[in-house]
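Per the numbering used here, residue 1 is the first one in the sequence shown, and the count goes up by one each step.
Structure, as structure tokens:
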Amino acid sequence: MLAGQIRSVFQPIVDLDSDAVVAYEALARGPEGPLERPDAMFAAARAAGRLPELDEACRAAAFRGAVNHGLLAPTTVFVNVEPEVLDTAPLADLLAIAAATPRELRIVLEVTERALAARPAELLRTVERVRSLGWGIALDDVGADPMSLSFMPLLRPDVVKLDLRLVQGRPGPAVAQVMNAVNAYAERTGALILAEGIETETHLATARSLGASLGQGWLLGRPADGPATHRRSGELRLPPAECHSSHHGAESPFACLPPGTQLRKAPKSLLVELSKQLEREALRVGETCVVAATFQESRHFTAATVHRYAELAGATGFVCAVGEGLDVEPLPGIRGATLAPTDPVRGEWDVTVLGPHFAAALLARDLGSTGPDLEREFEYALTYHRTTVVHATRALLSRVAPAETPPPVPSIPSPRSGDVDHRSRLEELTGTDPLTGLPARLRTQELLEVATWDARTGGSVLAVATVDLDGLGSVADRFGRPAADELLRAAAHRLRAQLRHGDLVGRLDGTRFVAAIPGLSPATATSETARIASGLAEAVGAPFVVAGRPVVLDVRVGTALCPGDGDDVPALLGPARTPGGAGLS
Numbered sequence: 001m002l003a004g005q006i007r008s009v010f011q012p013i014v015d016l017d018s019d020a021v022v023a024y025e026a027l028a029r030g031p032e033g034p035l036e037r038p039d040a041m042f043a044a045a046r047a048a049g050r051l052p053e054l055d056e057a058c059r060a061a062a063f064r065g066a067v068n069h070g071l072l073a074p075t076t077v078f079v080n081v082e083p084e085v086l087d088t089a090p091l092a093d094l095l096a097i098a099a100a101t102p103r104e105l106r107i108v109l110e111v112t113e114r115a116l117a118a119r120p121a122e123l124l125r126t127v128e129r130v131r132s133l134g135w136g137i138a139l140d141d142v143g144a145d146p147m148s149l150s151f152m153p154l155l156r157p158d159v160v161k162l163d164l165r166l167v168q169g170r171p172g173p174a175v176a177q178v179m180n181a182v183n184a185y186a187e188r189t190g191a192l193i194l195a196e197g198i199e200t201e202t203h204l205a206t207a208r209s210l211g212a213s214l215g216q217g218w219l220l221g222r223p224a225d226g227p228a229t230h231r232r233s234g235e236l237r238l239p240p241a242e243c244h245s246s247h248h249g250a251e252s253p254f255a256c257l258p259p260g261t262q263l264r265k266a267p268k269s270l271l272v273e274l275s276k277q278l279e280r281e282a283l284r285v286g287e288t289c290v291v292a293a294t295f296q297e298s299r300h301f302t303a304a305t306v307h308r309y310a311e312l313a314g315a316t317g318f319v320c321a322v323g324e325g326l327d328v329e330p331l332p333g334i335r336g337a338t339l340a341p342t343d344p345v346r347g348e349w350d351v352t353v354l355g356p357h358f359a360a361a362l363l364a365r366d367l368g369s370t371g372p373d374l375e376r377e378f379e380y381a382l383t384y385h386r387t388t389v390v391h392a393t394r395a396l397l398s399r400v401a402p403a404e405t406p407p408p409v410p411s412i413p414s415p416r417s418g419d420v421d422h423r424s425r426l427e428e429l430t431g432t433d434p435l436t437g438l439p440a441r442l443r444t445q446e447l448l449e450v451a452t453w454d455a456r457t458g459g460s461v462l463a464v465a466t467v468d469l470d471g472l473g474s475v476a477d478r479f480g481r482p483a484a485d486e487l488l489r490a491a492a493h494r495l496r497a498q499l500r501h502g503d504l505v506g507r508l509d510g511t512r513f514v515a516a517i518p519g520l521s522p523a524t525a526t527s528e529t530a531r532i533a534s535g536l537a538e539a540v541g542a543p544f545v546v547a548g549r550p551v552v553l554d555v556r557v558g559t560a561l562c563p564g565d566g567d568d569v570p571a572l573l574g575p576a577r578t579p580g581g582a583g584l585s
């Protein structure tokens with residue numbers, strides 16, 4: 001695949017107040033034939049192991065196309081970068097192209113939360129390099145996954161791009177959660193909000209109501225080889241560059257504490273309790289939260305800690321743990337890295353919790369005292385200063401090793417404005433839990449929102465049953481993680497087999513599933529739901545065979561009815577009741 005065969009088309013980005021085109025997004029196109037569409041082109045490159053080469057060619061084509069078509073200052077060009085090639089993405093060629101232009105070439109680099117989840121250290125380094133060039137950063141697909149809300153303060157994007165489903169879908173709790181977080185971030189930083197997928201006047205009105213000042217979509221302009229001529233041009237004014245404080249880019253989280261911070265001394269036993277309290281705060285914040293922690297050495301990552309962090313991994317957006325001797329993945333769903341004995345973090349005890357509306361960190365330094373482990377002394381500070389917490393979290397994420405396998409791409413139901421950009425989103429696992437084959441958490445919640453909407457407006461009853469499994473950890477300890485995964489797949493198959501073809505079964509997190517049964521009669525819904533819940537409990541509570549031995553899981557099934565017990569997804573998934581007091585344990 002030769003670089004000369006790749007070209008870019010440019011879709012206008014419009015200032016919604018002035019109706020002026022202030023920027024363009026570069027979208028890649030391949031050679032004429034079966035590889036012209038970007039989804040096919042990138043799939044072929046991945047299969048051939050040539051993704052870095054193709055991504056470089058796409059970015060070079062975007063730069064050259066912008067120059068050739070005169071998309072220079074004051075116009076800005078948005079360019080994408082694939083998460084897999086972040087740390088190897090060569091900037092030299094791009095800089096040479098930019099240097100040869102008669103006027104300044106203004107660039108905003110688009111990244112997604114997938115990039116930080118897969119390669120946090122590499123993405124943070126790339127963002128620093130890009131900012132040093134005077135380029136901007138856009139966080140793409142915000143709202144496609146709650147994780148994007150977690151990472152906004154870490155990347156500090158200049159532009160927040162709302163996923164098209166927020167503009168084209170129905171209002172609901174998920175939309176409210178996204179907009180609370182995005183507008184709080186924009187208010188703190190001055191970031192611009194860009195709404196994608198504006199195809200109708202209704203979409204445009206929705207985008208404005210969501211707080212967007214920029215828009216993109218077929219109503220405003222389709223991708224073309226050159227600049228738009230139907231609207232006047234304007235200038236995209238990004239927020240001022242982040243002020244680099246004295247602790248920005250510090251070597252360790254403890255070094256992020258501002259000068260003059262009051263330090264206290266305490267034994268490890270107190271730090272353990274303070275850490276647990278921060279973990280409880282993280283559970284309260286939930287899926288929009290990032291948790292980062294240090295453990296000095298892997299031996300401090302005890303069985304009790306494993307239990308707590310497994311719960312954190314299932315309930316929050318992103319969890320990482322670093323320490324000497326820790327693995328790249330200390331637990332399923334937790335990112336990690338080993339620390340060199342000379343790393344300053346090796347001598348610290350740090351826990352940071354960062355969400356859209358909450359920030360806290362315990363930052364401590366080992367004083368080198370001897371004696372019983374729980375009596376070892378540290379000097380520490382407990383801070384709720386958001387800027388300090390953000391910098392401390394970045395310091396830990398900069399040490400996290402790349403994921404051995406990239407996480408699945410979030411579900412995107414339709415291409416933006418009828419067009420597919422050059423980041424392929426048609427992977428087979430889109431919207432699907434790769435282990436069980438069931439809808440993943442985000443897709444499950446979307447389907448539940450639709451089902452609750454239908455129940456509220458259609459006169460029938462929706463039954464929701466949550467199924468929690470206990471005992472997978474013991475299976476993994478006795479027989480290995482592959483055996484536990486196979487057992488979980490078998491449990492998902494049993495759940496699916498108990499329900500009708502049109503009923504929903506999805507995986508919410510590690511060992512929690514949900515089933516939704518629509519169209520029940522109000523007169524019989526309670527008894528019918530109890531029957532269904534009993535069948536689910538019996539099916540999954542029956543013995544499984546693992547390595548030739550019978551294994552029985554503890555099963556808890558709770559139910560709720562819509563609209564009787566609640567009329568939105570959080571209410572139905574929250575304090576679900578167990579029918580007739582019956583459950584399997």
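Virtual Cβ for every residue (Gly too), placed ideally from N, Cα, C.
task = Look up Ala140 in the DSSP assignment and give the residues it is bridged to.
result = Reading the sequence shown from its first residue, position 140 is the one you call residue 140. In the sequence as displayed, the identity of residue 140 is Asp instead of Ala. In DSSP, Asp140 forms a bridge with Thr112.
ask   = For Leu499, which of Ala533, Pro522 and Glu36 has the nearest alpha-carbon?
value = Counting from 1 along the sequence shown, the entry for residue 499 is found at position 499. Among Ala533, Pro522 and Glu36, the Cα nearest to that of Leu499 belongs to Ala533.
ask   = Among the residues of its own chain, which have a CB less than 8 Å from the CB of Met179, if the five just before and after it don't count?
value = If you number the sequence shown from 1, residue 179 lands on position 179. The answer, listed in chain order, is Leu166, Leu210 and Gly211.
ask   = Can you tell me where the alpha helix (DSSP H) with Glu528 in it begins and where it stops?
value = Here residue 528 refers to the residue found at position 528 of the sequence shown. Start and end: Ala525 to Gly541.
ask   = Taking just the CA atoms, how far does Leu553 sit from Asp470?
value = As a first step, residue 470 is located in the sequence shown; it is residue number 470 there, counting from the start. As a first step, residue 553 is located in the sequence shown; it is residue number 553 there, counting from the start. For Asp470 and Leu553, the gap between their C-alpha atoms comes out near 6 Å.
key: Whole-angstrom distance between Arg156 and Val9, CA atom to CA atom   = In the sequence shown, residue 9 corresponds to position 9, counting from 1. In the sequence shown, residue 156 corresponds to position 156, counting from 1. Between Val9 and Arg156, the C-alpha separation is close to 28 Å.
query = What do you reckon, are the CB atoms on Leu504 and Ser460 nearer than 8 Å?
reply = Here the question's residue 504 lines up with position 504 in the sequence shown. Here the question's residue 460 lines up with position 460 in the sequence shown. The Cβ-Cβ distance between Leu504 and Ser460 does not fall below 8 Å.
ask   = So, Ala364 versus Leu271, is the Cβ gap smaller than 8 Å?
value = As a working note, residue 364 is residue 364 in the sequence shown. As a working note, residue 271 is residue 271 in the sequence shown. For the 8 Å CB-CB criterion, Ala364 and Leu271 form a contact.
task = Take His69 as the anchor and find which of Arg46, Gln11 and Gly217 has the nearest alpha-carbon.
result = Position 69 of the sequence shown holds residue 69. The shortest C-alpha separation from His69 is found at Gln11.
request  = Name the residue from Phe544, Ala515, Gln445 and Pro522 whose alpha carbon lies nearest to the alpha carbon of Leu587.
outcome  = No information on residue 587 is available, as it lies outside the stretch 1 to 585 that the chain covers here.
task = Express the C-alpha separation of Val353 and Thr444 in angstroms, rounding to a whole number.
result = Within the sequence shown, numbered from 1, the residue matching residue 444 stands at position 444. Within the sequence shown, numbered from 1, the residue matching residue 353 stands at position 353. Distance between the alpha carbons of Thr444 and Val353: 26 Å.
query = What are the partner residues of Ala23, as DSSP defines its beta bridges?
reply = Residue numbering aside, residue 23 sits at position 23 when the sequence shown is read from its first letter. Paired residue(s): Ile13 and Thr76.
query = With respect to the alpha helix (DSSP H) encompassing Tyr185, which residues constitute its N-terminal and C-terminal limits?
reply = Start at 1 with the first residue of the sequence shown, and residue 185 comes out as number 185. Counted as a single uninterrupted DSSP element, the alpha helix (DSSP H) harbouring Tyr185 occupies residues Pro173 to Thr189.
task = Go to Phe479, then tell me how far its alpha helix (DSSP H) extends in each direction, as first and last residue.
result = As a first step, residue 479 is located in the sequence shown; it is residue number 479 there, counting from the start. Looking at the DSSP string, the run of the alpha helix (DSSP H) that includes Phe479 is Leu472 to Phe479.
message = Quick check: the Cα distance between Arg376 and Val290, rounded to an integer number of angstroms?
response = If you number the sequence shown from 1, residue 376 lands on position 376. If you number the sequence shown from 1, residue 290 lands on position 290. For Arg376 and Val290, the distance between alpha carbons rounds to 28 Å.
key: Under the three-state DSSP convention, the category Cys289 falls into   = Along the sequence shown, read from residue 1 onward, the residue named residue 289 stands at position 289. Secondary structure of Cys289 (DSSP, three-state): coil.
ask   = What's the C-alpha gap between Ile6 and Gly506?
value = The residue given as residue 6 occupies position 6 in the sequence shown. The residue given as residue 506 occupies position 506 in the sequence shown. Looking at the two C-alpha atoms, the distance is approximately 40 Å.
task = Tell whether a beta-carbon distance below 8 Å holds between Leu149 and Ile13.
result = Stepping through the sequence shown from its first residue, residue 149 is reached at position 149. Stepping through the sequence shown from its first residue, residue 13 is reached at position 13. It is not a contact, given that the beta carbons lie outside the stated cut-off.
request  = Output the distance between the C-alpha atoms of Asp350 and Gly566, rounded to the nearest integer angstrom.
outcome  = Looking up residue 350 in the sequence shown gives position 350. Looking up residue 566 in the sequence shown gives position 566. Across the structure, Asp350 and Gly566 are spaced so that their CA atoms are roughly 40 Å apart.
Neighbourhood of Pro344 by C-beta, 6 Å cutoff - its chain only, sequence neighbours within 5 removed = Position 344 of the sequence shown, counted from the start, is the residue given in the question as residue 344. Counting only Cβ-Cβ distances below 6 Å, and skipping sequence neighbours, we find Glu251 and Ser252.
task = Helix, strand or coil for Gln296, going by three-state DSSP, please let me know.
result = Your numbering for residue 296 matches position 296 in the sequence shown. Three-state result, Gln296: strand.
inquiry  = Determine whether the beta carbon atoms of Ala490 and Phe378 lie at a separation below 8 Å.
reply    = For the purposes of this step, residue 490 is taken as the residue at position 490 of the sequence shown. For the purposes of this step, residue 378 is taken as the residue at position 378 of the sequence shown. The criterion of a C-beta distance shorter than 8 Å is not satisfied by Ala490 and Phe378.
task = Determine the DSSP secondary structure at Thr342, reduced to helix, strand or coil.
result = The residue labelled residue 342 in the question sits at position 342 within the sequence shown. Reduced to three states, the DSSP call for Thr342 is coil.
request  = Leaving out five residues on either side along the sequence, give the residues of the same chain with a beta carbon under 7 Å from the beta carbon of Arg394.
outcome  = Start at 1 with the first residue of the sequence shown, and residue 394 comes out as number 394. Closer than 7 Å at Cβ, skipping near neighbours: Leu124 and Leu154.
Reference Thr388, options Ala310, Ala255, Val79 and Val21, closest by Cα = Counted from its first residue, the sequence shown places residue 388 at position 388. Measuring C-alpha to C-alpha distances from Thr388 to each of Ala310, Ala255, Val79 and Val21 identifies Ala255 as the nearest.
message = In this structure, how does DSSP classify Thr229 when only helix, strand and coil are distinguished?
response = Start at 1 with the first residue of the sequence shown, and residue 229 comes out as number 229. The three-state reading of DSSP puts Thr229 in coil, since its state is none of H, G, I, E or B.
message = Taking only three categories from DSSP, how would you classify Ser269?
response = In the sequence shown, counting from the first residue as 1, residue 269 sits at position 269. In the displayed model, Ser269 falls within a helix according to three-state DSSP.
ask   = In the structure shown, what three-state DSSP assignment does Gly30 receive?
value = Residue numbering aside, residue 30 sits at position 30 when the sequence shown is read from its first letter. Shown here, Gly30 sits in coil according to DSSP, grouped into three states, outside any helix or strand.
ask   = Considering only C-alpha positions, which residue in the set Glu110, Arg29 and Asp163 is nearest to Asp225?
value = Here residue 225 refers to the residue found at position 225 of the sequence shown. Out of Glu110, Arg29 and Asp163, the CA that lies nearest to the CA of Asp225 is found in Arg29.
query = CB-CB under 6 Å to Leu508, same chain, minus the five flanking residues each way: which ones, in chain order?
reply = Stepping through the sequence shown from its first residue, residue 508 is reached at position 508. Counting only Cβ-Cβ distances below 6 Å, and skipping sequence neighbours, we find Arg441 and Val514.
Buried/exposed call for Ser474, threshold 16 Cβ in 10 Å = Taking the sequence shown and counting its residues from 1, the one referred to as residue 474 is at position 474. So Ser474 counts as exposed.
inquiry  = Let's test the definition: count the other Cβ atoms within 10 Å of the Cβ of Arg416 and tell me whether it reaches 16, buried, or not, exposed.
reply    = One-based indexing of the sequence shown puts residue 416 at position 416. Residue confidence is low: Arg416 scores 36 on pLDDT, short of 50, so the model does not pin down where it sits. Its coordinate-derived value is still stated next. Per the 10 Å Cβ criterion, buried.
For Ala542, the nearest candidate out of Val555, Ala144, Thr126 and Ala530 (CA to CA) = Locating residue 542 in the sequence shown gives position 542, where the first residue counts as 1. Closest option to Ala542, judged by alpha-carbon separation, among Val555, Ala144, Thr126 and Ala530: Val555.
query = In whole angstroms, what separates the C-alpha of Arg478 from that of Ala174?
reply = As a first step, residue 478 must be located in the sequence shown, where it is residue number 478. As a first step, residue 174 must be located in the sequence shown, where it is residue number 174. Taking the straight line from one Cα to the other gives about 39 Å.
query = Taking all protein chains shown into account, do 16 or more other C-beta atoms lie within 10 angstroms of the C-beta of His230, making it buried, or fewer, making it exposed?
reply = Taking the sequence shown and counting its residues from 1, the one referred to as residue 230 is at position 230. It is exposed - the Cβ of His230 has fewer than 16 other Cβ atoms within 10 Å.
inquiry  = By the DSSP assignment, the alpha helix (DSSP H) with Ala455 in it spans what residues?
reply    = Position 455 of the sequence shown, counting from 1, holds the residue named residue 455. That run of the alpha helix (DSSP H) goes Arg441 to Gly458.
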